[in-house]
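Here the sequence shown is numbered in my numbering, starting from 16 and rising by one per residue.
To start, the structure itself, in structure tokens.
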Amino acid sequence: MILFRAMRTYELVLILKNSLSEEKRKKLLESLKKTLGSLKVAKEEILGEKALAYPIKKEKSGYYYILSLEGETISLDFEKKLTVQEDILRHLVVRKK
Numbered sequence: 016m017i018l019f020r021a022m023r024t025y026e027l028v029l030i031l032k033n034s035l036s037e038e039k040r041k042k043l044l045e046s047l048k049k050t051l052g053s054l055k056v057a058k059e060e061i062l063g064e065k066a067l068a069y070p071i072k073k074e075k076s077g078y079y080y081i082l083s084l085e086g087e088t089i090s091l092d093f094e095k096k097l098t099v100q101e102d103i104l105r106h107l108v109v110r111k112k
């Protein structure tokens, strides 16, 4: 019997605090990439600083990243780290078809 595990594609959108230095942003992204588990980063897009529609955690602008991820599934540890991290204003994970 051959088992086939489907490779899924996910898109992760991150809005980081604009007050973070470039070095801290890079460290944060590297630490997130380490907790991805079996997922691989297929594409990384930096949209840069953009104004927010409304203030989030007293921030009026944020630094946007879009990561395309490939793998089997997103671990709960990764989801928890996104939620708990104070420097991440918002995140969104979407499974693409």
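Ideal placement from N, C-alpha and C gives every residue a C-beta, glycine not left out.
Predicted, not measured: the structure shown is a model, and the values here were computed from it.
Rounded to whole angstroms, what's the CA-CA distance from residue i to residue j? Just pull it up for me.
| i | j | result |
| --- | --- | --- |
| arginine 110 | serine 36 | 30 Å |
| leucine 84 | aspartate 92 | 16 Å |
| glutamate 74 | valine 108 | 22 Å |
| lysine 41 | alanine 21 | 30 Å |
| lysine 30 | serine 46 | Residue identity differs from the one stated: residue 30 is isoleucine in this sequence, not lysine. Between isoleucine 30 and serine 46, the C-alpha separation is close to 16 Å. |
| leucine 88 | glycine 63 | Here the sequence assigns threonine to residue 88, which means leucine is not the residue at that position. Distance between the alpha carbons of threonine 88 and glycine 63: 28 Å. |
What would DSSP say about residue i, mapped onto helix, strand or coil?
| i | result |
| --- | --- |
| threonine 98 | helix |
| lysine 32 | strand |
| lysine 39 | helix |
| glutamate 64 | strand |
| serine 83 | strand |
| serine 46 | helix |
| leucine 54 | coil |
With burial defined as no fewer than 16 other Cβ atoms inside 10 Å of the residue's Cβ, what is the status of residue i: buried or exposed?
| i | result |
| --- | --- |
| tyrosine 80 | buried |
| isoleucine 61 | exposed |
| lysine 32 | buried |
| tyrosine 78 | buried |
Kindly say whether residue i, judged by its beta-carbon, lies nearer than 8 Å to any beta-carbon of chain C.
| i | result |
| --- | --- |
| arginine 40 | The chain labelled as chain C is not found in the depicted structure, where only one protein chain is given. |
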